[in-house]
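Below: one structure, written as structure tokens.
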Amino acid sequence: MGVIMFITIVRTAILYFFVILGLRIMGKRQVGDMQPGELVITILISEIAAIPIDDINKPVITGILAIFTLVVVEILISFLTMKFINFRKLVNGDSAVIIKDGIIDQKLLRRLRITVPDIMEVLRGQDVFDLNRVSYAILETNGSLSVLLKSPYQTTEAKDLGCNADSSTLPVLVISDGVIIKDALSLAQTDRKQIYSKLQEQKLKIKDVFIMTIDKNGESCIVKKDGT
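For the sequence shown, position 18 (counting from the first letter as 1) is numbered 5 according to my numbering, and the numbering increases by one without interruption.
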């Protein structure tokens, strides 16, 4: 009995080490910040690690190989989501604007299967009790709710260096790593012509831009790629 306990402890310690190593290699964030795919991989790793611990007849190396197979898969998926917007949408989904200028998008709520009490509870958690004070509320892909208040109700205002914008308008990401995000153009109330015009003012091409945001007032913020 004592030998079995000792073996279980040793196997648990070994698997614990390799699980931590695998998560460190993936560079995972806090669970609350994980995308759906990342959370699934993390859960699978914990389940796989438990198998050799529960059954001492299972070789530890089997669990280790399975863990690092998942690590490799996650790294590959992360690389693809960085390079291909459509693949990122397939894996992580899209952020959704559920409140705009104090008005809830009821059709979107029904499609996402979210109730109004759920939204109100999250808003109260951010000290927002009146919908009319909300300029935008965005449901992020990790399930969190980002809220931008209208200017009169903002307690603080922060401005990014080189980016001037109305603090109550929503800067929309329209270029990511040299690629125009088509779905974002309507939300930003802009088009390709306006984007090209702003880039020409700074003598830039689409491929030179790492990040570009623009709001409905036409105010933009451009971050060039390293070395541009």
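Built from N, CA and C at the ideal position, the CB exists for glycine as well.
May I ask whether a heavy atom of the ligand FAD can be found less than 8 angstroms away from the beta carbon of Y3?
-> As presented, the structure is devoid of all ligands, the ligand FAD included, so that no description of it is given.
Cβ atoms of I51 and I125: under 9 angstroms apart, would you say?
-> Translated into positions along the sequence shown, residue 125 becomes position 138. Translated into positions along the sequence shown, residue 51 becomes position 64. No; because the gap between Cβ atoms is not below 9 angstroms, this pair is not in contact.
Using the rule of at least 16 other Cβ atoms within 10 Å of the residue's Cβ for burial, across every protein chain shown, is F5 buried or exposed?
-> What you label residue 5 is simply residue 18 of the sequence shown in a count that begins at 1. Per the 10 Å Cβ criterion, buried.
With DSSP run on the structure shown, which of helix, strand or coil describes I30?
-> By one-based count along the sequence shown, residue 30 stands at place 43. Reduced to three states, the DSSP call for I30 is helix.
Hey, how far is the Cα of V18 from the Cα of S133?
-> For this step, residue 18 is matched to residue 31 along the sequence shown. For this step, residue 133 is matched to residue 146 along the sequence shown. With a pLDDT of only 46 at V18, under the threshold of 50, the placement of this residue in the model should not be trusted; the figure read from the coordinates follows. Cα-Cα distance, rounded: 17 angstroms.
For the beta strand (DSSP E) containing L126, list its first residue and its last residue.
-> Walking along the sequence shown from the start, residue 126 turns up at place 139. Per DSSP, L126 belongs to the beta strand (DSSP E) from 121 to 126.
From this set, A53, R(-2), I28, F71, which residue's C-alpha is nearest D42's C-alpha?
-> For the purposes of this step, residue 42 is taken as residue 55 along the sequence shown, with counting starting at 1. That would be R(-2), whose Cα lies nearest to the Cα of D42.
When you compare only the Cα positions, how much space is there between K185 and D164?
-> Position 198 of the sequence shown, counted from the start, is the residue given in the question as residue 185. Position 177 of the sequence shown, counted from the start, is the residue given in the question as residue 164. Near 17 angstroms, if we compare the C-alpha coordinates of D164 and K185.
Specify the secondary structure class of S65 as computed by DSSP and reduced to three states.
-> Reading the sequence shown from its first residue, position 78 is the one you call residue 65. Residue state, collapsed to three classes: helix.
Can you tell me which of the three DSSP states K203 falls into?
-> Counting from one through the sequence shown, the residue named residue 203 turns up at place 216. Looking at K203 - three-state DSSP - the assignment turns out to be coil, as it is neither helix nor strand.
Quick one: using the 10 Å Cβ neighbour count with 16 as the cut-off for buried, is G130 buried or exposed?
-> Position 143 of the sequence shown holds residue 130. Flag for G130 reads exposed.
Going straight from the alpha carbon of F116 to that of T156, what length do you get?
-> Counting from 1 along the sequence shown, the entry for residue 116 is found at position 129. Counting from 1 along the sequence shown, the entry for residue 156 is found at position 169. Cα-Cα distance, rounded: 20 angstroms.
How should M199 be labelled, buried or exposed, when 16 other C-beta atoms within 10 angstroms of its C-beta is the threshold for buried?
-> As a position in the sequence shown, residue 199 is number 212, starting the count at 1. Buried is the call here.
Mind checking which residues open and close the alpha helix (DSSP H) that includes L99?
-> Position 112 of the sequence shown holds residue 99. Per DSSP, L99 belongs to the alpha helix (DSSP H) from 93 to 99.
Residue nearest to G80 in terms of C-alpha spacing, selected from E25, I182, I162, E34 = Residue 80 sits at position 93 when you count from the first residue of the sequence shown. The option with the nearest alpha carbon to G80 is E25.
By Cβ distance below 8 angstroms, which residues in the same chain neighbour A171 in space, the five residues on each side in sequence not counted?
-> Residue numbering aside, residue 171 sits at position 184 when the sequence shown is read from its first letter. Taken in chain order, the residues that qualify are V159, L160, V161.
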